[in-house]
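In full-length UniProt numbering, the protein residues as written are 1 to 263.
All C-beta atoms in this analysis are idealised placements derived from N, C-alpha and C, irrespective of residue type, glycine included.
Only a predicted model underlies this, so the values are computations on that prediction, with no experimental measurement involved.
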């Protein structure tokens, strides 16, 4: 049995909003004296974005990618009362409790595919990962990759697993190719997908994925969508990934087809 654990921190200071996209993340300081980019439970997509961030980031980390440390970040009631911006004050009010934080990479710069050239192997690894996660947010417009200390870091997996906003036919979705892979910033350079698939699909077992999904706290989960319990909600994520990994060879073949035919 694989046991994983995330650290818990307590938010002590709100530094500045990072007005990117609709999630309104922010830079904060915590009681361990480190700075974190916080994804708030009270933002537009709620805890679904936090779940996708947790699952996507920890799967990426297990596969060997560099990902900022993910922590559970507690926010006290009344924290935002002195915040003058009403929009931010409301966000903080609706985010009391456990949120998700990513260690702040101070001095990092946005990955530029023109300037920062990656190997075909690394490009293939990232494309494979994003197809598995159904991550729509690694495009030329928004690469969600950073260069820090001359190394590539993956960030922001919150737009992954978009099926979980409705849970309609999620088992069928799990077996389907990821159509938006055609827009991936690294697709053209991903010429070693078959080799990567053989390596990663062997390494990423259902046991590993299940241990990551077990990290999701009850407070992120819901009994909506017909789930009878929080555990039933977790089990639906496990079922999704079980089916997806069972179909990973066909999914990889589809990526190769899209890449070669430019569609």
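Which residue wins for smallest C-alpha separation from residue i, given the options the options?
| i | options | result |
| --- | --- | --- |
| residue 136 | 177, 165 and 181 | 181 |
| residue 120 | 194, 60, 239 and 34 | 194 |
| residue 250 | 132, 142 and 238 | 132 |
| residue 116 | 95, 130, 143 and 97 | 143 |
| residue 94 | 42, 87, 185 and 253 | 42 |
| residue 183 | 168, 140, 100 and 68 | 140 |
| residue 25 | 46, 10 and 9 | 46 |
| residue 55 | 177, 238, 226 and 192 | 238 |
| residue 176 | 166, 240 and 228 | 240 |
| residue 5 | 199, 236 and 216 | 216 |
In terms of residue numbering, what span does the alpha helix (DSSP H) encompassing residue i cover?
| i | result |
| --- | --- |
| residue 129 | 120-133 |
| residue 260 | 248-261 |
| residue 199 | 193-203 |
| residue 207 | 206-213 |
Using the beta-carbon count (16 or more within 10 Å), is residue i buried or exposed?
| i | result |
| --- | --- |
| residue 257 | exposed |
| residue 259 | buried |
| residue 126 | buried |
| residue 33 | exposed |
| residue 64 | exposed |
| residue 109 | exposed |
| residue 231 | exposed |
| residue 84 | exposed |
| residue 130 | buried |
| residue 165 | exposed |
| residue 252 | buried |
| residue 206 | exposed |
| residue 263 | exposed |
| residue 58 | buried |
Can you name, in chain order, every residue of its own chain whose Cβ lies under 6 angstroms from the Cβ of residue i, other than the five neighbours on each side?
| i | result |
| --- | --- |
| residue 173 | 163 |
| residue 201 | 248 |
| residue 242 | 206 |
| residue 225 | 167 |
Residue i lies in the beta strand (DSSP E); which residues open and close that run?
| i | result |
| --- | --- |
| residue 182 | No beta strand (DSSP E) contains residue 182, which DSSP labels as neither H nor E. |
| residue 162 | It is not in any beta strand (DSSP E) - residue 162 carries neither H nor E in the DSSP assignment. |
| residue 67 | Residue 67 -> no beta strand (DSSP E), and no H or E assigned at all. |
| residue 168 | First-last for residue 168: undefined, no H or E at that position. |
| residue 61 | It is not in any beta strand (DSSP E) - residue 61 instead sits in the alpha helix (DSSP H) that spans 46-62. |
| residue 7 | Careful: residue 7 lies outside any beta strand (DSSP E) and carries neither H nor E. |
| residue 38 | 35-39 |
| residue 151 | 151-154 |
| residue 187 | From DSSP, residue 187 is part of no beta strand (DSSP E); its letter is neither H nor E. |
Return the chain-ordered list of same chain residues with a C-beta closer than 7 angstroms to the C-beta of residue i, the five sequence neighbours on each side being excluded.
| i | result |
| --- | --- |
| residue 77 | 96 |
| residue 27 | 15, 16, 18, 35, 37 and 104 |
| residue 189 | 118, 120 and 123 |
Any chance the CB of residue i is under 6 angstroms from a heavy atom of the ligand MN?
| i | result |
| --- | --- |
| residue 88 | Of the ligands one can find in the structure shown there are none, so the ligand MN has no counterpart to examine. |
Could you pull out every unbroken beta strand (DSSP E) segment of at least 3 residues lying fully inside the region 78-116, listed in chain order?
Whole beta strand (DSSP E) segments, 3+ residues: 97-103.
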